[in-house]
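Worksheet: one structure, shown below.
Number of protein chains: 2
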Amino acid sequence: MAEKVTIATVARHARVSRQTVSNVLNAPHIVRQETRQRVEDAINALGYRANQAARQMRTGRSRLIAARIEPTRDGINGSVLDRFLHGLTETADAAGYRVLLYTATDDEREIATYGDLLGTYELDAFVLVGTKYGDPRTQWLADRDVPFVTFGRPWDALDAHPWVDVDGAAGTAQATRRLLDAGHRRIAFIGWPVGSGVGDDRRAGWRDTLHAAGVDPTGLHRETEDGIAEGERLMRDLLVAVAPSAVVCASDSLALGALQAIRGVDPSVSVIGFDDTPVAAAVGLTSVSQPLGEAAARCVDLLTGVLDGDHETPSPVLLQPSLALRHTA
Amino acid sequence: MAEKVTIATVARHARVSRQTVSNVLNAPHIVRQETRQRVEDAINALGYRANQAARQMRTGRSRLIAARIEPTRDGINGSVLDRFLHGLTETADAAGYRVLLYTATDDEREIATYGDLLGTYELDAFVLVGTKYGDPRTQWLADRDVPFVTFGRPWDALDAHPWVDVDGAAGTAQATRRLLDAGHRRIAFIGWPVGSGVGDDRRAGWRDTLHAAGVDPTGLHRETEDGIAEGERLMRDLLVAVAPSAVVCASDSLALGALQAIRGVDPSVSVIGFDDTPVAAAVGLTSVSQPLGEAAARCVDLLTGVLDGDHETPSPVLLQPSLALRHTA
DNA sequence: AGGCAGGATTGGATCGTTCAAGTTTCTGGA
DNA sequence: TCCAGAAACTTGAACGATCCAATCCTGCCT
């Protein structure tokens, strides 16, 4: 068994001091070209890799980013997180960071986990997926000057932190516009109860687009918790009450329910969902697609910006969704 | 800003030496009850947490487990990995380990990543999801005595390493038996091309169950790559060729395709999928459900067994799937 | 009272890296 | 040729935990 290769091994091999090797790695410009080459050759020849634990001990930085993996709630939207995490891992990797997973069942436990991760692993930053009004997590992190980014904008105007989000209103607006262009006028909306930032945003895109087109949206929308059964129930209600020719939904779950409601009653009704989940792709549901890979990449960008220098809060990023056209609209 | 709490701070506060604090943490039984209590009180009062980097430097162990997050291929089966990862994170957490993510586009790059992760982060172990015949990854890890577990059994009989798997044959057998009990006799199977361990296993469960029931399975099965379109195509073919009254599929994607094929032709045909993905739940598809949380937990069990003592290779674990009954069968 | 065994406690060394300060080498101008 | 000043490189110390070996108690026996 070959002995462990440390910075001292490399130094001896290249006939320089440890510090010079360290400089080649961390500040190449201050080392003479010729020396640098010799050190780099030694590094390659020996297969040396800087020990992260030792580096961390001195610098206090772990090059680790924490992300939460949630229990897939209804299952359908779970894959959104999945794709986001994949993008995050990929981009973080390229920037020299690694992603560490954690779970927590509620906000309180999640905050306790923050303390644990920061204390024992000295995590460099957190990525929070999903935010709500008065989120205690962002408050806690901000109070302690822990770098973090949220995927999802802060719905309380007051706290300003770096965030990346997808413009939900633009997504539903795009969906609504497409339906208008196809000649629809009675375009309904099935969304979430008033008060959730994301839900209100998505409804606004639909409402404003109808207004702009001179269509009165009154009575054309319904609210419920997320779920297939809920979507089906509300769609039946809408069919009876206002007989819409199309419907835009705040999620693929709701849209799937709506599809089941129209089947057998009036299959000509157009349906558009939100999130472009695998389920949508599977059943041919047209859906608003979020650029998750891009979102993840921008999260990493913001974080590395904060971590590697910039002291000022970077500007937030609002990405535009696109419409994945299939045969339901 | 309060200064950093180290083991020395705790020692001073509890009026003992650093070593005693360390003993309370790592070998509580050798410390007198009264002293231990005093130290624990100090730890809680100060909110002390052992610095992982420093510990790792001395012990050479990171308490980090690596898991790969794949780009969700067709999207449908992606959530299987998602749920597995969640379980892994939860169980690892309870055992004092954390999960680090990595990605790689092919085997060669994945192996390069192993070297990197081992060299810089001194990872304790790897969890590999999915294995194939002659997998170069397991070979590489085994050659270097790196602890690892695979979720998916080794299909080459030769190499023996700890693994956890779900009995696919038992799953399809259960599905087939249910269909037989319901009176079906012409039970078809849509699976993957011969040569993939998982696919052959799932087909065997169907075939053997039919044999045992005295039904000849000849001509009742079809093979293709995974995908909804492929499933639909083969189901149409089966309907024309042998007019089955039920079909068992190797995946939910294939099953979904099959469902689309029978719709309008003969909706009375029963369909059973595999993996119990969100899509199955959404469309009411009966599907074989893998105990993913349990599988993840057993993976962690095996790893901690190897890491915390046991030098002998632990015995593999084969879990039994269950049937998630919905209205397609 | 003295001695002894055994466990509990202590100080010093160590892991591999980077920081801070020191020393040598090089460069160019008088 | 000499020297100032910069550039290049070297040395010692520190990060915070654990391991090791030495010392200190404590209770018990003679």
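For the protein sequence lines, the chains are A and B, in the order given. Residue 19 in numbering that gives the first Met the number 0 sits at position 20 of the first sequence; the count goes up by one each step and never skips. Residue 97 in numbering that gives the first Met the number 0 sits at position 98 of the second sequence; the count goes up by one each step and never skips. Note that the Cβ used here is the ideal one computed from N, Cα and C, for glycine as well.
Beta-bridge pairing of residue i - partner residues as DSSP gives them
| i | result |
| --- | --- |
| Ala323 of chain A | A:Ser286 |
| Gly272 of chain B | B:Ser286 |
| Trp162 of chain A | A:Thr149 |
| Tyr96 of chain A | Partner(s): none; Tyr96 of chain A has no beta bridge. |
| Tyr113 of chain A | For Tyr113 of chain A, which the question treats as bridged, DSSP gives no partner whatsoever. |
| Tyr101 of chain B | B:Arg67 |
| Arg221 of chain A | A:Ile189 |
| Ala248 of chain A | It is Cys, not Ala, that sits at residue 248 of chain A in the sequence shown. Looking at the DSSP assignment, Cys248 of chain A forms a beta bridge with A:Ile189. |
| Phe125 of chain A | A:Ala65 and A:Phe147 |
| Val79 of chain B | According to DSSP, Val79 of chain B bridges with nothing at all. |
| Val30 of chain A | DSSP lists no partner for Val30 of chain A. |
Distance between beta carbons of residue j and residue i, contact taken as under 8 angstroms
| i | j | result |
| --- | --- | --- |
| Val23 of chain B | Thr171 of chain B | 53 angstroms between Cβ atoms; not a contact. |
| Phe150 of chain B | Val163 of chain B | 5 angstroms |
| Thr175 of chain A | Ile186 of chain A | 6 angstroms |
| Trp154 of chain B | Thr137 of chain B | Contact flag wrong, Cβ pair sits at about 10 angstroms. |
| Thr327 of chain A | Leu284 of chain A | 5 angstroms |
| Asp274 of chain A | Ser250 of chain A | 6 angstroms |
| Val214 of chain A | Pro243 of chain A | At roughly 11 angstroms, the Cβ-Cβ gap does not stay under 8 angstroms, so Val214 of chain A and Pro243 of chain A are not in contact. |
| Gly230 of chain A | Ser252 of chain A | 6 angstroms |
| Arg202 of chain B | His183 of chain B | Between His183 of chain B and Arg202 of chain B the Cβ distance is about 18 angstroms, and since that is not below 8 angstroms, they are no contact. |
| Ala245 of chain A | Leu178 of chain A | 5 angstroms |
| Ala94 of chain A | Thr303 of chain A | 5 angstroms |
| Val282 of chain A | Val282 of chain B | 7 angstroms |
| Arg48 of chain B | Gly118 of chain A | 3 angstroms |
For residue i, the nearest candidate out of the options (CA to CA)
| i | options | result |
| --- | --- | --- |
| Tyr120 of chain A | B:Gly283, B:Gly86 and B:Ala52 | B:Ala52 |
| Gln289 of chain A | A:Thr90, A:Thr303, A:Val282 and A:Gly272 | A:Gly272 |
| Val165 of chain B | B:Ser267, B:Cys298, B:His85 and B:Pro277 | B:Cys298 |
| Gln319 of chain B | B:Gly167, B:Gly196 and B:Leu255 | B:Gly167 |
| Ala13 of chain A | A:Ala26, A:Gln36 and A:Glu2 | A:Gln36 |
| Leu100 of chain B | A:Asp40, A:Tyr96, A:Val145 and A:Thr88 | A:Thr88 |
| Glu293 of chain A | A:Leu317, A:Ala280, A:Val278 and A:Val270 | A:Leu317 |
| Asp307 of chain A | A:Glu222, A:Glu109, A:Ser61 and A:Gly196 | A:Ser61 |
| Ala10 of chain B | B:Pro27, B:Glu2 and B:Glu39 | B:Glu39 |
| Val390 of chain A | A:Gln173, A:Ala159 and A:Ala212 | No answer is possible for residue 390 of chain A: it lies beyond the span of chain A, which begins at 0 and ends at 328. |
| Arg57 of chain B | B:Ala281, B:Leu178, B:Ser21 and B:Leu258 | B:Ser21 |
| Gly372 of chain B | B:Leu127, B:Ala254 and B:Gly218 | Beyond the ends of chain B as shown, which are 0 and 328, falls residue 372 of chain B; an answer cannot be given. |
| Met234 of chain B | B:Ala41, B:Arg262 and B:Ala281 | B:Arg262 |
| Arg143 of chain A | A:Tyr132, A:Gly133 and A:Phe125 | A:Phe125 |
| Thr128 of chain A | A:Gln259, A:Ala156, A:Ala181 and A:Val197 | One point to set straight first is that residue 128 of chain A is Val, not Thr, in the sequence displayed. Of the candidates A:Gln259, A:Ala156, A:Ala181 and A:Val197, the one whose C-alpha sits nearest the C-alpha of Val128 of chain A is A:Val197. |
| Thr104 of chain B | A:Ala295, A:His85, A:Pro266 and A:Arg232 | A:His85 |
| Glu107 of chain A | A:Ala91, A:Pro135, A:Arg152 and A:Val270 | A:Pro135 |
| Leu270 of chain B | B:Ala296, B:Thr223 and B:Ala181 | Looking at the sequence shown, residue 270 of chain B is not Leu but Val. Closest by alpha carbon: B:Ala181. |
| Trp191 of chain B | B:Glu224, B:Arg31 and B:Ala49 | B:Glu224 |
| Asn50 of chain B | A:Asn50, A:Ala49, A:Gly59 and A:Ala44 | A:Gly59 |
| Asn25 of chain B | B:Ala44, B:Glu2, B:Arg54 and B:Asn43 | B:Arg54 |
Other residues of its chain near residue i: CB distance less than 8 angstroms, five sequence neighbours each side excluded
| i | result |
| --- | --- |
| Met0 of chain B | The predicted position of Met0 of chain B is uncertain, since its pLDDT is 45 and thus under 50; no value can be drawn from it. |
| Pro70 of chain B | Thr102 |
| Gly241 of chain B | The question names Gly, yet the displayed sequence has Val at residue 241 of chain B. Counting only Cβ-Cβ distances below 8 angstroms, and skipping sequence neighbours, we find Arg185, Ala187, Gly218 and Leu219. |
| Asp158 of chain A | Thr137, Gln138 and Ala141 |
| Gly46 of chain B | Val4 |
| His210 of chain A | Pro216 |
| Gly133 of chain B | Asp155 |
| Ile29 of chain A | Asn22 |
| Ile68 of chain A | Leu80, Leu84, Leu100, Tyr101 and Thr102 |
Own chain, CB closer than 7 angstroms to residue i, minus 5 neighbours either side, in chain order
| i | result |
| --- | --- |
| Pro161 of chain B | Val148, Leu301, Val305, Thr312, Pro313 and Pro315 |
| Thr34 of chain B | Val15 and Thr19 |
| Val264 of chain A | Leu238 |
| Ser321 of chain A | Ser288 |
| Asp199 of chain A | Val193 |
| Pro394 of chain B | The requested residue 394 of chain B does not occur in the structure, where chain B is confined to residues 0 to 328. |
Same chain, Cβ closer than 6 angstroms to residue i, five either side skipped, listed in chain order
| i | result |
| --- | --- |
| Arg206 of chain A | Pro216 |
| Leu116 of chain B | Ala65 and Leu122 |
| Ala279 of chain A | Asp251, Gly272 and Ser286 |
| Ile6 of chain B | Arg17 and Val20 |
| Arg97 of chain B | Leu63 |
| Leu324 of chain A | Thr285 |
| Ala41 of chain A | Val9, His12 and Ala13 |
(request) Indicate whether the contact test is met: 3 or more Cβ pairs, each with one atom in the region 103–113 of chain B and one in the region 79–90 of chain B, closer than 8 angstroms. (result) no
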